[in-house]
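Colleague:
Residue numbers (the numbering used here), protein chains in the order written: chain A, 1 to 221; chain B, 1001 to 1797.
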């Protein structure tokens, strides 16, 4: 399958964004206000894993796409995203390489060095996990709203290369845990990924409306 | 003649040389085209080499590395340089990793189903389309799908992407900030010059232009640009050689002037000796311009070396002048012998003219014309500007002692024979290669630069410059078909590590037959729409979203197959153009290889294809050309030696006297060979030419020592002249022998050794020198010295 590289890059992006979520699973400093102060207290002990449900809204599709599975941070720069439904796909990042296997098919390997923006994002999210806000700020402008109980952090891309693909990443969280990751692409398409308790609760409909899902992320207790 | 008149003639002569030299320089083209220099190609590979030398896909590449600045600056410089070079007509293409292949592929969008191999294994039916669309749905479950989405509607099988990926070199440097970077953090670019790789002139222009572009970029001053590749090495080599030659030239000129002042105690020889040689050179160039219109650079370099013999003519005149006798009288007395030497050498060089090789014919014309002109100038012009002698050189202090020393040396008759036999044995049986066929062994490229080139080449996955895979067929279409057939076999060679990577012409353009076969598999509108309808069942795609895809397929069904000419108009065209060339009435495909580990493994491929495909070793082909060229030179030299023997015998009217002249020459040449062989130095063309020059000088020594004058003072003058000549030759070439540049070292060492041997042997083997000088004659010689000169020589009775 020759299209593997593009697929892989997308999977990588996915994985990285999920990585951001993993990073935010856990004890948040209950300091309302700046994203920096929310993020700066984060320190995680691997391995960490969480179920996820991702709902994508695409202009050329007449209904949303739903995939679900598990995200794992294995420590260091190793992570893994397993899609379990509706198809099987395993994406691994480790040792400077990205490998993707869909179903029981061929494993496609791409050196991370060949996907520089993905590499930059990985570095950014590692910095996030390690609580290194300044590294994250190289690629994103951070802003936050809300308080310790209910908060929203917005990551807006800084580099043109990222801006060409990505409009924003918004993380909704409650107290110590993130709930939803909303990624809006440059062309207006978007996806909402539920993690933690929200993912465990699952979707209430096979094809939820975007507005309904967004409202659930924002308003559920 | 008054002093004023002499100065006026001297000035007029200088002006004439300058004027003719200027005129000739404007008309004579110095070419660096190897075809002028080597004999006509005989094998098909030699022919291909000569046609393609330097034009081949690998040899025109320059590898560039920018370092010494922060990464983002380097990336910006890389983009700036790429932009500048892509607008420079001297460069065919430039790549820095930023070229978006998908964008290039979209230029060929209508042809995608004819160029891509998808239809070889599949049809655009409901089953295949459903599987593809299913994958696209899975691809779309990613936020980054926005990048793909606009493509998907028109190209749901991602054909353009598959094409772009098939064109990406198997190995590529990593991309940072959208451009290539090496493991050491240098920004990497690769550019292809329009000029041939081995055309140092054109390469120098292109490289200068490249460096100018780089220097003009903002922030370039803080960064460092490194250039590598065959073209760069050629330019470097000639620059190094020239710089070294200039430096040594300055040293030897000063040494030469000091030596002339010491030898003649007069400034006149200093301002006059160069004139006959310069006149000869100018006449030689003029003849080249008139007869050929152009000359090869190597011919000119060889010719200049050989013309060095003419430096002796004026020196002989100065040494043989006598007090109270007009210079013209001295020259007249000297002329028969000088003329014998000139004519003999010129007759010998006629052999080069008959060789049939353009480069050697030019060499003969230049050398013969130059020597005759220098001789004639010495005979008729020089006496007009040289004032009457105020000193007799025979009275030079120490000269008579030197003569007696030389005369007393033992001269056993059997020694020359013993030396000859021993010499032949050493030359024949010394271990080590006899000939140096590898021209690159003579190029002064520092090892560090060669290592850097290998590193950059490996990082860029740039093709090997030594090996090419040659595919022969009657037509371009045939080459492409052949290329398609062998691709799987070459792929197996990669798997078995015989070669690291390869690129065949069919990688870019399939044969028309293959394109037509793919075209025949494309469904018509109705079929495709039905298949698409069926394929989309159960998938979330909106209806009618693939309308442009259906239209594209319909267009592709009616397209004529893409021809090489049409493909060459595309941004990737230059790649194919250099890989597909017409030769005679056939076509040749040039596949590039990188990292050839096992050249022998390609033999099976050659056998399997009935010889239509084979590995071309450019190094071996060049060496075979060098061997062919040397073969011609050796034949020419052999004939020249015979002609020389005949000419000398005829001039001296005695085989016995001729033997006295030719014996020392032959033996001295043999001794030089013995030394070179004993030191394990393989002989190159430059050694051969140097041996010839040394032999020409040796002819003078032997001719003059052989002369029976019956006049002790004249014998002393001969010794004086010869010593000055030997000293000047040793000075010039001895210094050259110390050069770091292998070519200059080869010339310097050979000529210096030759001069030493020729002098020693011509003294030892001359029939009269052995007879001690009668005491009274020696005394007369002493008395002839001018009164002002201090008496340092004790006269023994």
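Built from N, CA and C at the ideal position, the CB exists for glycine as well.
Identify whether residue 1580 (chain B) lies in helix, strand or coil by the three-state DSSP scheme.
Modeller: What you label residue 1580 (chain B) is simply residue 580 of the second chain in a count that begins at 1. Three-state DSSP puts residue 1580 (chain B) in a strand.
Colleague: From the DSSP output, in three-state form, read off residue 72 (chain A) for me.
Modeller: One-based indexing of the first chain puts residue 72 (chain A) at position 72. Looking at residue 72 (chain A) - three-state DSSP - the assignment turns out to be strand.
Colleague: If I follow the unbroken beta strand (DSSP E) through residue 1132 (chain B), where does it start and stop?
Modeller: Along the second chain, one-based indexing puts residue 1132 (chain B) at 132. From DSSP, residue 1132 (chain B) is part of no beta strand (DSSP E) but of the alpha helix (DSSP H) over 1126 to 1140.
Colleague: So what does residue 1113 (chain B) bridge to, in DSSP terms?
Modeller: Locating residue 1113 (chain B) in the second chain gives position 113, counting from the first residue. Partner(s): none; residue 1113 (chain B) has no beta bridge.
Colleague: Report yes if the CB atom of residue 1050 (chain B) is closer than 8 Å to the CB atom of residue 1309 (chain B), and no otherwise.
Modeller: Here residue 1050 (chain B) corresponds to residue number 50 of the second chain, with the count starting at 1. Here residue 1309 (chain B) corresponds to residue number 309 of the second chain, with the count starting at 1. Cβ distance not < 8 Å, so residue 1050 (chain B) and residue 1309 (chain B) don't count as in contact.
Colleague: Return the first residue and the last residue of the alpha helix (DSSP H) that residue 1167 (chain B) is part of.
Modeller: The residue labelled residue 1167 (chain B) in the question sits at position 167 within the second chain. Unbroken alpha helix (DSSP H) run through residue 1167 (chain B): 1159 to 1167.
Colleague: Helix, strand or coil for residue 1661 (chain B) per DSSP?
Modeller: In the second chain, residue 1661 (chain B) corresponds to position 661, counting from 1. It is helical.
Colleague: Do you know how far the Cα of residue 1406 (chain B) is from the Cα of residue 1352 (chain B)?
Modeller: To locate residue 1352 (chain B), count along the second chain from 1; it is residue 352. To locate residue 1406 (chain B), count along the second chain from 1; it is residue 406. C-alpha separation (whole angstroms): 37 Å.
Colleague: I'd like the list of long-range same chain contacts for residue 82 (chain A), defined as Cβ closer than 6 Å, with 5 residues on each side in sequence excluded.
Modeller: As a position in the first chain, residue 82 (chain A) is number 82, starting the count at 1. Taken in chain order, the residues that qualify are 69, 70, 90.
Colleague: Since I believe residue 1066 (chain B) is in contact with residue 1215 (chain B) (beta carbons under 8 Å), could you give me their beta-carbon distance rounded to a whole number of angstroms?
Modeller: What you label residue 1215 (chain B) is simply residue 215 of the second chain in a count that begins at 1. What you label residue 1066 (chain B) is simply residue 66 of the second chain in a count that begins at 1. 12 Å between Cβ atoms; not a contact.
Colleague: Identify, in the order they occur along the chain, each residue of the same chain with its Cβ nearer than 7 Å to the Cβ of residue 1506 (chain B), setting aside the five sequence neighbours on each side.
Modeller: What you label residue 1506 (chain B) is simply residue 506 of the second chain in a count that begins at 1. Same-chain partners within the cutoff: 1480, 1483, 1484, 1487.
Colleague: DSSP has residue 1192 (chain B) in a bridge; who is on the other side?
Modeller: As a first step, residue 1192 (chain B) must be located in the second chain, where it is residue number 192. Bridge partners of residue 1192 (chain B): B:1061, B:1093.
Colleague: Which value, in whole angstroms, describes the spacing of the CA atoms of residue 1417 (chain B) and residue 1659 (chain B)?
Modeller: The residue given as residue 1417 (chain B) occupies position 417 in the second chain. The residue given as residue 1659 (chain B) occupies position 659 in the second chain. Those two C-alpha atoms are separated by around 13 Å.
Colleague: How is residue 1233 (chain B) classed by DSSP in three states: helix, strand or coil?
Modeller: If you number the second chain from 1, residue 1233 (chain B) lands on position 233. Residue state, collapsed to three classes: helix.
Colleague: Just grab the DSSP bridge partners of residue 289 (chain A) for me.
Modeller: Only positions 1 to 221 of chain A appear in the structure, and residue 289 (chain A) is not among them; the question remains open.
Colleague: Could you give the distance in angstroms between the alpha-carbon of residue 1362 (chain B) and the alpha-carbon of residue 1595 (chain B)?
Modeller: Position 362 of the second chain, counted from the first residue, corresponds to residue 1362 (chain B). Position 595 of the second chain, counted from the first residue, corresponds to residue 1595 (chain B). Computed Cα separation, rounded: 40 Å.
Colleague: Tell me which residues share the same chain as residue 1381 (chain B) and place their Cβ nearer than 7 Å to its Cβ, disregarding the 5 neighbours each side in the sequence.
Modeller: Looking up residue 1381 (chain B) in the second chain gives position 381. Result list for residue 1381 (chain B): 1013, in chain order.
Colleague: Just to make sure I have the definition right: I need the residues of chain B whose C-beta is within less than 8 Å of the C-beta of residue 87 (chain A). Which are they?
Modeller: Mapped onto the first chain, residue 87 (chain A) falls at position 87. What residue 87 (chain A) touches in chain B: 1138.
Colleague: Going by DSSP, what residue range makes up the alpha helix (DSSP H) through residue 1757 (chain B)?
Modeller: In the second chain, residue 1757 (chain B) corresponds to position 757, counting from 1. Where residue 1757 (chain B) is concerned, the enclosing alpha helix (DSSP H) stretches over 1742 to 1765.
Colleague: Give the secondary structure of residue 1308 (chain B) by DSSP, where H, G and I count as helix, E and B as strand, and everything else as coil.
Modeller: Position 308 of the second chain, counted from the start, is the residue given in the question as residue 1308 (chain B). Helix.
Colleague: Indicate whether at least one CB of chain A lies closer than 8 Å to the CB of residue 1545 (chain B).
Modeller: To locate residue 1545 (chain B), count along the second chain from 1; it is residue 545. For residue 1545 (chain B), the answer is yes, since a Cβ of chain A falls inside 8 Å of its Cβ.
Colleague: Expressed to the nearest angstrom, what Euclidean distance is found between the alpha-carbon atoms of residue 1174 (chain B) and residue 163 (chain A)?
Modeller: Your numbering for residue 1174 (chain B) matches position 174 in the second chain. Your numbering for residue 163 (chain A) matches position 163 in the first chain. Rounded to the nearest angstrom, the two C-alpha atoms are 22 Å apart.
Colleague: Given a threshold of 16 other Cβ atoms within 10 Å of its Cβ, counted over all protein chains shown, does residue 1015 (chain B) qualify as buried or as exposed?
Modeller: In the second chain, residue 1015 (chain B) corresponds to position 15, counting from 1. By the 10 Å Cβ count, residue 1015 (chain B) comes out exposed.
Colleague: Starting from the beta carbon of residue 210 (chain A), find every residue of chain B whose beta carbon is closer than 7 Å, and list them in chain order.
Modeller: Here residue 210 (chain A) is taken as the residue at index 210 of the first chain, counted from 1. Under the 7 Å cutoff, chain B gives no residues; its nearest Cβ is about 13 Å from residue 210 (chain A).
Colleague: Whose Cβ in chain A lies nearer than 7 Å to the Cβ of residue 1304 (chain B)?
Modeller: Mapped onto the second chain, residue 1304 (chain B) falls at position 304. What residue 1304 (chain B) touches in chain A: nothing, since even the nearest Cβ is about 53 Å away.
Colleague: According to the neighbour-count rule (16 or more other Cβ atoms, all chains shown, within 10 Å of its Cβ), is residue 1627 (chain B) buried or exposed?
Modeller: Indexing the second chain from 1 puts residue 1627 (chain B) at position 627. Residue 1627 (chain B) comes out exposed.
Colleague: Note down, in chain order, each residue of its chain lying with its Cβ closer than 7 Å to the Cβ of residue 1082 (chain B), except the 5 sequence neighbours on either side.
Modeller: Working through the second chain from its first residue, we reach residue 1082 (chain B) at position 82. These residues qualify, in order along the chain: 1094, 1096, 1098, 1189.
Colleague: Assuming residue 1664 (chain B) contacts residue 1761 (chain B) under a Cβ cut-off of 8 Å, what Cβ separation, rounded to an integer in Å, is found between them?
Modeller: Here residue 1664 (chain B) corresponds to residue number 664 of the second chain, with the count starting at 1. Here residue 1761 (chain B) corresponds to residue number 761 of the second chain, with the count starting at 1. Indeed they touch by this definition, with Cβ atoms about 4 Å apart.
Colleague: Does DSSP put residue 1679 (chain B) in a helix, in a strand, or in coil?
Modeller: Looking up residue 1679 (chain B) in the second chain gives position 679. The answer is coil: DSSP assigns residue 1679 (chain B) none of H, G, I, E or B.
Colleague: Examine chain A for any beta-carbon lying closer than 8 Å to the beta-carbon of residue 1540 (chain B), and answer yes or no.
Modeller: For the purposes of this step, residue 1540 (chain B) is identified with residue 540 of the second chain, where counting begins at 1. Closer than 8 Å: yes.
Colleague: With distances taken between CB atoms, is the gap from residue 1730 (chain B) to residue 1613 (chain B) smaller than 8 Å?
Modeller: Taking the first residue of the second chain as 1, we reach residue 1730 (chain B) at position 730. Taking the first residue of the second chain as 1, we reach residue 1613 (chain B) at position 613. Taking 8 Å as the Cβ cut-off, residue 1730 (chain B) and residue 1613 (chain B) do not qualify as a contacting pair.
Colleague: Taking residue 1759 (chain B) and residue 1718 (chain B) to be in contact with their CB atoms under 8 Å, please state how far apart those CB atoms are, rounded to whole angstroms.
Modeller: Numbered from its first residue, the second chain carries residue 1759 (chain B) at position 759. Numbered from its first residue, the second chain carries residue 1718 (chain B) at position 718. With 8 Å as the limit, residue 1759 (chain B) and residue 1718 (chain B) do not qualify as a contact, their Cβ atoms being about 12 Å apart.
Colleague: Verify whether the separation of the beta carbon atoms of residue 170 (chain A) and residue 159 (chain A) is less than 8 Å.
Modeller: In the first chain, counting from the first residue as 1, residue 170 (chain A) sits at position 170. In the first chain, counting from the first residue as 1, residue 159 (chain A) sits at position 159. Taking 8 Å as the Cβ cut-off, residue 170 (chain A) and residue 159 (chain A) do not qualify as a contacting pair.
Colleague: Just how far apart, CA to CA, sit residue 1702 (chain B) and residue 1766 (chain B)?
Modeller: As a first step, residue 1702 (chain B) is located in the second chain; it is residue number 702 there, counting from the start. As a first step, residue 1766 (chain B) is located in the second chain; it is residue number 766 there, counting from the start. Approximately 7 Å between the Cα atoms of the pair.
Colleague: With three or more beta-carbon pairs closer than 8 Å as the criterion, would you say the stretch 1257 to 1268 of chain B touches the stretch 1326 to 1338 of chain B?
Modeller: The answer is no - the stretch 1326 to 1338 of chain B does not touch the stretch 1257 to 1268 of chain B, with fewer than three Cβ pairs under 8 Å.
Colleague: Determine, using beta-carbon pairs with one atom in the stretch 1554 to 1568 of chain B and one in the stretch 1495 to 1513 of chain B, whether at least three such pairs fall under 8 Å.
Modeller: They touch, by the three-pair rule.
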